[in-house]
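Just below is one structure, and these are the notes that go with it.
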Amino acid sequence: MSVSKIIPLTNVGLLATAIERAMQRPEGLPGLVVAYGPSGLGKSVAAGWAANMHRAYYVECRDTWSKKAFLLAILREMAISPARTLSEMVDQIAEQLSRSNRPILVDDVQYLLDKAAANVLTDIYNASQGTIVLIGEERVPHSLAKLERLHNRVLEWVPVQAATLDDLRSLADASYPSLLIADDLLDDLRKKVRGCLRRVSVNLYRVFSEAQAIGWERVDLNQWGNRGWFTGDAPARRACA
380 MSVSKIIPLT NVGLLATAIE RAMQRPEGLP GLVVAYGPSG LGKSVAAGWA ANMHRAYYVE
440 CRDTWSKKAF LLAILREMAI SPARTLSEMV DQIAEQLSRS NRPILVDDVQ YLLDKAAANV
500 LTDIYNASQG TIVLIGEERV PHSLAKLERL HNRVLEWVPV QAATLDDLRS LADASYPSLL
560 IADDLLDDLR KKVRGCLRRV SVNLYRVFSE AQAIGWERVD LNQWGNRGWF TGDAPARRAC
620 A
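Residues in the sequence shown are numbered from 380 upward in steps of one, following the numbering used here.
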């Protein structure tokens, strides 16, 4: 099971709805949407789904990126040959956003916000007045607060949510349709991993693998027994005899 598999989970709906509102906003309102939250809650999954739904341009930032690297990545996504100067690249991107009426999703934006490259986002927005979606970790709102010119262009904040029981049910049914996983087992998993979608996916694969080995077609909490869950914590060191 890949976490990137597109399934309409809670955060998918929240982000897609926020983007739709931003794209339909009245003239004069700002056009930035900011989705933020801890790692593992499915921000990138939601971004992938929203990008497909809205035909958005999508860029995943890297910690090593400079202004130029960021602009080149966007132009590559837009299939546009880059101009010679940074200013001309910003104009190219802004023109394409305006002409296409397509949003741009900037994932892992925390890598840009603490650098001078953050000012490029403001330049792109000011020149295009398009819909720009910033997606990143918990510290993103705090980082944006230090960038007044960008912060006051936010139309909507989208705090990502921990996975719900309904999310786990949707994920289990879509990923492993041949195995019926009972609600009590899914709910126990949800609580143990605190709604972390990535760890949910890892553990659902463990359940599926165990079911295949044993021959289960259905599994509940009682059958799962004391097998436990992968929570991200390292196993305790065993004492020497």
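Cβ atoms here follow ideal geometry from the backbone N, Cα and C, with glycine treated the same way.
Could you give the DSSP three-state label for GLY407: helix, strand or coil?
coil
Using three-state DSSP, classify GLU535 as helix, strand or coil.
strand
Rank GLN471, ALA497 and SER522 by C-alpha distance to the C-alpha of LYS446 and give the top, closest one.
ALA497
Please report how far the alpha carbon of GLU467 lies from the alpha carbon of ALA435, in whole angstroms.
22 angstroms
From the DSSP secondary-structure annotation, give me the bridge partner or partners of TYR437.
LEU484
Can you tell me whether DSSP reads ASP612 as helix, strand or coil?
coil
Taking the straight line between their C-alpha atoms, what separation do you get for SER383 and SER554?
With a pLDDT of only 44 at SER383, under the threshold of 50, the placement of this residue in the model should not be trusted, and no figure is reported.
Does the stretch 458-477 touch the stretch 539-546, meaning 3 or more C-beta pairs lie closer than 8 angstroms?
The stretch 539-546 is not in contact with the stretch 458-477.
In this structure, what does DSSP give as the bridge partners for VAL598?
In the DSSP assignment, the residues bridged to VAL598 are ILE560.
Leaving out the 5 sequence neighbours to the left and right, which residues in its chain are closer than 8 angstroms to SER549 when beta-carbon positions are compared?
ILE386, PRO387 and LEU388
For TYR415, write down the residues that DSSP places opposite it in a beta bridge.
GLY515 and PRO538
I need the straight-line Cα distance from ASP502 to CYS440, nearest angstrom please.
17 angstroms
What is the DSSP secondary structure of PRO520, counted as helix, strand or coil?
helix
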